[in-house]
Amino acid sequence: AWYQRRVRVPDFDVCVANMPYQISSPFVFKLLLHRKFRCAVLMFQKEFADRLVAKPGDKLYCRLSANTQLMSRVNHVLKVGRNNFKPPPKVDSSVVRIEPMNPTPKINFMEWDGLTRIVFTRKNKSLAAIFRSKSVLELLTKNYNIFCSLNNTPVPEDFDIKRTLDEIFQSNEMGETRSRTMSNDQLLKLLESFNSRGIHFSS
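Heads up, the sequence shown is in the working numbering, so the first residue is 1 and it goes up one at a time.
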């Protein structure tokens with residue numbers, strides 16, 4: 001996962017780069033986890049840059065948008081057309097400015113990453129529909145059992161993962177919400193609600 005990559009980043013204050021497009025995503029997250037810098041001005045493929053700055057409700061808003069904007073302020077600087085290069089590439093580019101958030105959000109990034117992986121898998125479906133899938137139910141049941149074991153707590157005999165999820169969505173009025181419209185504040189609130197009920201996204 002992006003938060004576990006172990007290549008060491010040297011100390012720096014400002015980063016200015018024209019990124020090889022195939023490593024754009026892992027580079028951004030490695031950069032953000034490094035954190036000890038003032039700002040980065042980076043050129044990416046335009047579609048990737050548009051996803052970085054997309055807001056909830058935008059067509060391109062996705063897990064990349066939410067993760068990046070959780071840890072940084074990211075702004076579009078300018079578009080760079082393909083004809084500015086010789087030979088011209090097949091795609092346009094864009095320059096963005098990234099500044100890390102200070103202070104860092106106080107969350108478990110493994111939990112956050114696990115949640116966003118699930119909710120953005122099918123970002124146009126309701127949360128209730130996403131969490132009804134067999135694979136998600138099996139994962140969360142497994143994680144709940146591990147959580148109980150680690151805390152020396154017996155699994156309640158009447159535990160029902162579907163009922164627990166329904167109660168969480170009802171208390172937050174988020175069952176019919178689609179992840180493509182959710183702000184990071186809403187995602188953080190949802191994560192907190194899950195965790196408070198012993199539902200976790202990393203094991």
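The beta carbon of each residue, even a glycine, is placed where N, CA and C say it ideally should be.
None of the values given here were measured: they were computed from a predicted structure.
Have a look at residue i and residue j and give me their C-alpha separation to the nearest angstrom.
i    : j    : result
K142 : D185 : 27 Å
K176 : K30  : Looking at the sequence shown, residue 176 is not Lys but Glu. Roughly 34 Å between the two C-alpha positions.
L190 : N172 : 7 Å
N124 : R180 : 6 Å
N18  : T68  : 18 Å
S25  : L64  : 8 Å
P20  : D166 : 44 Å
F37  : F159 : 46 Å
W112 : M182 : 14 Å
D58  : L70  : 17 Å
T153 : F48  : 45 Å
C148 : S135 : 20 Å
L139 : T164 : 14 Å
N75  : S133 : 36 Å
S126 : M174 : 8 Å
V91  : L188 : 35 Å
I23  : L150 : 37 Å
P10  : M101 : 19 Å
S93  : F27  : 17 Å
V155 : T116 : 26 Å
How far does the alpha helix (DSSP H) with residue i in it extend, from its first residue to its last?
i    : result
C148 : K134 to L150
P26  : S24 to H34
I130 : L127 to I130
N18  : Run containing N18: none in the alpha helix (DSSP H); it sits in the beta strand (DSSP E), V14 to N18.
R163 : I161 to N172
N195 : N184 to S196
R117 : F109 to V119
State the CB to CB distance for the pair residue i and residue j, rounded to an integer number of angstroms; the pair is presumed to be in contact (CB under 8 Å).
i    : j    : result
I118 : I130 : 6 Å
V80  : V41  : At roughly 12 Å, the Cβ-Cβ gap does not stay under 8 Å, so V80 and V41 are not in contact.
R73  : C62  : Contact doesn't hold; Cβ gap of about 18 Å is too wide.
L60  : A54  : 4 Å
E99  : C15  : 11 Å between Cβ atoms; not a contact.
R122 : I168 : About 19 Å separates the two Cβ atoms, so there is no contact after all.
Quick one, which of the options has its alpha-carbon nearest residue i's?
i    : options                   : result
P103 : S179, N145, V41 and L32   : L32
Q170 : E138, A128 and R63        : A128
E157 : S135, N145, L60 and F120  : N145
V96  : K46, V136 and S149        : K46
D13  : H34, S25, P26 and M19     : H34
R178 : K162, E111, S135 and F120 : F120
K162 : S126, L137, P56 and N195  : L137
F194 : V91, L150 and G114        : G114
E192 : M101, D11 and F109        : F109
P89  : F44, F147, V28 and L188   : F44
Starting from residue i, trace the beta strand (DSSP E) in both directions and tell me its first and last residue.
i   : result
A40 : C39 to Q45
N75 : S72 to V80
S94 : S93 to P100
Any beta-carbon of chain D closer than 8 Å to the one on residue i?
i    : result
I107 : As a matter of chain content, chain D is missing from the structure shown, which is built from one protein chain.
Exercise for the section: Would you be able to state if there are at least three C-beta pairs under 8 Å between the stretch 188 to 202 and the stretch 75 to 85? Expected result: no
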